[in-house]
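Engineer: Sharing a structure with you now.
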Amino acid sequence: MTSDIFGSAPLVKSPPSDASLPPPAKVEVWPVAAPRKVTIAPLPAEVDDLPDDERLGFRWVRSALIVVGGLLVLLYALPAFLMAGNVYPGTTVLGVDVGGMNAREATDRLTTGLVSAATNAIVVRHGTKSERISPERSGLSIDIPATVQALPMGFPSPADIWRAMTGGREVTPVVRADSGRLGEVVSTQVARAMERPMVEGDVTFDGLRPEPVYPKEGTTLDVPRVVEEVRAAYLNPDIIVEVKPVEAAPRATRDGVNRAVAWARRAVAAPVTLTHGGVSLELAPGDIAAALSFVPGDTGGLEARFDAAVATRGMRFVPEDEAPRDATFVIADGRPKLVPGRPGVGIDTSKLGAQIIAVLGRQSARTVTVPLTELKPDLDDKEAAASGIEAELVRVDMSYSCCQPRVTNIKETARRVNGMIVRPGETFSLNQATGRREGRPGFAGPAEPTAIRGQEGRDVPGVSVAGTVLYNAALRSGLEIVEAVPHESFLPPYPAGVEVAVSYPGPDLVWRNNTDYGVLIQASATDTVMTVSLWGTKTYDVTISQSNRTRFTSTPALEGPEAGCVASVGSAGFTIVTTRERVRLDGTAETPESWKTTYRPRAEIVCPEAGTSG
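Quick look at the structure:
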């Protein structure tokens, strides 16, 4: 039985002695080193224990540093405070001092002070020839607001203050450059004076007679490079732009031109018939000549090209409801309403052009089957809706006497141009819009040859009336007039000085949409009145004024033939000056345009009385 855990521990008996065990080890005491004596070095002496002269020098240095630092801070803070918010002192732009001015004062100073530098002509030279380019005409100018923004202003750094105190800084003005206008000036003014124009071989038409244009070597300018050099020379009057035209050789040869002339004679010797699905229309020799052009080939010859789109304009070989239609607008309740465009079937002009070229060299069998293809509208709904056609810009009416076939042709012309949208930057051409009118469906009456101020053509009656109404609408909307040729003699009811004569292929009526918005043509005609209104977004206020008629001339009456005489009223010759002034809605006035129109007198035709003889 074990002992009670809470009781005394039982005695343990010593183990029995064993003689084999070694005797216990002898206990020895370890030696301990005697305590060492530690000596503590004395602390360094306090500053106050320094000699008086050293203590005084230290205090003087510390005070001097504080004073110098304070002076430096004061020297920075005071001018910085005075300079803050204005152009830093000593700042100049092309020698014009604008230091210490605020932004408005600097703008006024630079606007007046840089006039001379900004308008100095740039000199371009080649050998003994030189041209002076006007910065204003070339689209080069100083951007004053951007230049002011580039001036050093705000809270200056110490470096800015130092620079202001030791001579200031010269800021290069920001230049605004219209690359398009500058390129146009270089391509015309400079190139015309310094190039020797290279002439490429070609064939043109005088009526139906092909005329050779023989090749000639020349020189040409690297226009993009000259544009960059002129831009770099702007505002640097010491720089003269030296140009060096390079040789330019034509690709066609004289023999190649002669071969093309012989082929062109055969091409316009007879008409070409176009057929499709029972519809047969004819391309007259004049249509062929107007659509033919030539480009240099690879072996010195000329290759013919035929513009089928021009030649077939106004032709229709499918029903109107199957043809593609551009998006347009109708006027409903005084507001334009979008008429969606649609795809349809039309002439594959690329294939047709190649087919016509293939038959033009023949004397017979000059009939071509017109290829058709699926076409998308040229102007889709999205573009039309975003074109800015919102309000009526102008409405023009012109009255005329009722007679056929002139009225028929006026109505057909109005129908063909009605609904057309002229995009920004695009040109409107009446001859392109209607195509050749002689012998085409919708037009009536015999076509007669015309000779109008040096341009020969052939056309049906009445087209000049439609052209005059369209011309006045464009003129009074502020649109750019590209081509407008008046009649030789004044013909009532045309408005003197603001009327046009139109024939095919010329003269033509051409105007350009020089606004940022589309222009919609709305045209209609009755038996006695044609009306044209243009719609878009108003850009100009337009004023047209005219001088009195001057320099009157007359001619004696003429007696007509006994047989088939048609009496006509003559008209006096005179001169009239017309001026158009345009002001943009922001108040910017465009340069006024003036043109002088001189009419020749037209003799009265008097028919002899019946039964009389000379």
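Every number in the numbering used here is 1 more than the matching position in the sequence shown, counting from 1.
Note that beta-carbon positions come from the ideal geometry of N, C-alpha and C, so glycine has one too.
Jot down the residue ranges of each uninterrupted alpha helix (DSSP H) in the segment 386-434, minimum 4 residues, whole runs only, in chain order.
Structural biologist: Fully enclosed alpha helix (DSSP H) runs of 4 or longer: 407-418.
Engineer: Tell me which same chain residues have a C-beta within less than 6 Å of the C-beta of residue 121, skipping the five on either side of it?
Structural biologist: 238
Engineer: For residue 595, does the three-state DSSP call read helix, strand or coil?
Structural biologist: Strand.
Engineer: In the DSSP assignment, the alpha helix (DSSP H) including residue 354 goes from what residue to what residue?
Structural biologist: 350-361
Engineer: Roughly how many angstroms lie between the CA atoms of residue 432 and residue 385, to the nearest whole one?
Structural biologist: One C-alpha to the other measures close to 24 Å.
Engineer: Who are the Cβ neighbours of residue 298 in its own chain at under 6 Å, not counting the five residues just before and after it?
Structural biologist: 304
Engineer: Report yes if the C-beta distance between residue 377 and residue 341 is below 8 Å; otherwise report no.
Structural biologist: By the CB criterion at 8 Å, residue 377 and residue 341 fall outside the cutoff.
Engineer: With a floor of 4 residues, list each alpha helix (DSSP H) that falls wholly inside the segment 510-542, ordered by position along the chain.
Structural biologist: Correct list: empty.
Engineer: Below 8 Å on the Cβ atoms is my guess for residue 329 versus residue 420; work out the distance and round it to an integer in Å.
Structural biologist: 4 Å
Engineer: What is the DSSP secondary structure of residue 364, reduced to helix, strand or coil?
Structural biologist: coil
Engineer: Compute the Euclidean distance between the alpha carbons of residue 215 and residue 484, then round it to the nearest angstrom.
Structural biologist: 29 Å
Engineer: By the three-class DSSP mapping on this structure, what secondary structure does residue 565 have?
Structural biologist: coil
Engineer: What residues in its chain sit with their C-beta under 6 Å from that of residue 110, if we drop five residues either side in the sequence?
Structural biologist: 99
Engineer: Which two residues bound the contiguous alpha helix (DSSP H) that contains residue 205?
Structural biologist: Not the alpha helix (DSSP H): residue 205 falls in the beta strand (DSSP E), residues 203-207.
Engineer: For residue 553, count neighbouring C-beta atoms within 10 Å of its own C-beta (all shown protein chains included) and say buried if the count is 16 or more, exposed if not.
Structural biologist: exposed
Engineer: Give a yes or no on whether the C-beta atoms belonging to residue 480 and residue 545 are separated by under 8 Å.
Structural biologist: no
Engineer: Hey, how far is the Cα of residue 517 from the Cα of residue 526?
Structural biologist: So the alpha carbons of these two residues sit roughly 29 Å apart.
Engineer: What would DSSP say about residue 439, mapped onto helix, strand or coil?
Structural biologist: Per DSSP, reduced to three states, the secondary structure at residue 439 is coil, with no helix or strand assignment.
Engineer: What's the call for residue 374, buried or exposed, on a 16-neighbour Cβ count within 10 Å?
Structural biologist: It counts as exposed.
Engineer: Under the three-state reduction of DSSP, which class applies to residue 579: helix, strand or coil?
Structural biologist: strand
Engineer: Can you tell me whether residue 388 is buried or exposed, with buried defined as 16 or more other CB within 10 angstroms of its CB?
Structural biologist: Counting of Cβ neighbours within 10 angstroms places residue 388 among the buried residues, the total reaching 16 or more.
Engineer: At 4 residues or longer, and completely inside the segment 92-137: list those alpha helix (DSSP H) runs for me, N to C.
Structural biologist: Taking only runs of at least 4 residues, the alpha helix (DSSP H) segments lying wholly in the segment 92-137 are 104-114 and 116-120.
Engineer: With 16 as the cutoff for other CB atoms within 10 Å, does residue 564 come out buried or exposed?
Structural biologist: exposed
Engineer: How big is the Cα-Cα spacing for residue 106 and residue 117?
Structural biologist: 19 Å
Engineer: Count the CB pairs spanning the segment 217-226 and the segment 259-268 that are closer than 8 Å, and state whether there are at least three.
Structural biologist: no
Engineer: Is DSSP giving residue 617 helix, strand or coil here?
Structural biologist: Since the first residue shown for the chain is 2 and the last is 615, residue 617 is missing from the structure and cannot be characterised.
Engineer: Could you check the C-alpha separation between residue 131 and residue 244 for me, to the nearest Å?
Structural biologist: Roughly 10 Å separates the two Cα atoms.
Engineer: Quick check: residue 1 and residue 561, are their CB atoms within less than 8 Å of each other?
Structural biologist: Residue 1 is absent from the model: the chain starts at 2 and stops at 615.
Engineer: Going along the chain, which unbroken runs of the beta strand (DSSP E) with 3 or more residues stay wholly within the segment 463-518?
Structural biologist: Along the segment 463-518, the beta strand (DSSP E) occurs as fully enclosed runs of 3 or more residues at 481-484 and 511-513, listed in sequence order.
Engineer: Looking only at C-alpha atoms, which of 435, 607, 104 and 201 sits nearest to residue 250?
Structural biologist: 201
Engineer: Please return the same chain residues whose Cβ sits closer than 6 Å to the Cβ of residue 255, not counting the five positions on each side in sequence.
Structural biologist: Correct list, in chain order: 215.
Engineer: Give every residue of the same chain whose Cβ lies closer than 7 Å to the Cβ of residue 231, excluding the five residues on either side of it in the sequence, and list them in chain order.
Structural biologist: Excluding residues within five positions, the ones whose Cβ falls inside 7 Å are 123, 125, 134, 183, 187 and 242.
Engineer: Quick check for students: name the residue ranges of the alpha helix (DSSP H) that lie wholly in the segment 204-239, counting only runs of 4 or more.
Structural biologist: 224-234
Engineer: Between the beta-carbon of residue 307 and the beta-carbon of residue 240, is there less than 8 Å?
Structural biologist: no
Engineer: Alpha carbon to alpha carbon, what distance is there between residue 226 and residue 196?
Structural biologist: C-alpha separation (whole angstroms): 15 Å.
Engineer: What's the gap between the Cα of residue 335 and the Cα of residue 323?
Structural biologist: 30 Å
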